[in-house]
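Student: Dumping the structure here so I can ask a few things about it.
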């Protein structure tokens, strides 16, 4: 699990979140693989 970004956008529920310790979305429980890293403005970070 890569955690360079501090915030992620969940592709399931659309929320901007800080992942749970296990990497999942704290709102809907989506796995880390479905979270997209975002910058402070909520824009996707292209790696």
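Numbering (UniProt numbering), first residue to last: 1 to 47. Just so it is clear, CB atoms sit at the ideal spot from N, CA and C, and this is done for glycine as well.
#1: What's the gap between the Cα of residue 6 and the Cα of residue 46?
#2: When DSSP labels each residue in this structure, what does residue 34 get in the three-state scheme?
#3: Rounded to whole angstroms, what's the CA-CA distance from residue 37 to residue 9? Just pull it up for me.
#4: For residue 27, which residues of its own chain have a beta-carbon under 8 Å away from its beta-carbon, when the five flanking residues on both sides are left out?
Tutor: Result, derived from the coordinates:
#1: Straight-line Cα distance between these residues: approximately 14 Å.
#2: Looking at residue 34 - three-state DSSP - the assignment turns out to be helix.
#3: 6 Å
#4: In the same chain as residue 27, and ignoring 5 residues on each side of it, the C-beta atoms closer than 8 Å to its own belong to 10, 13, 15, 17, in chain order.
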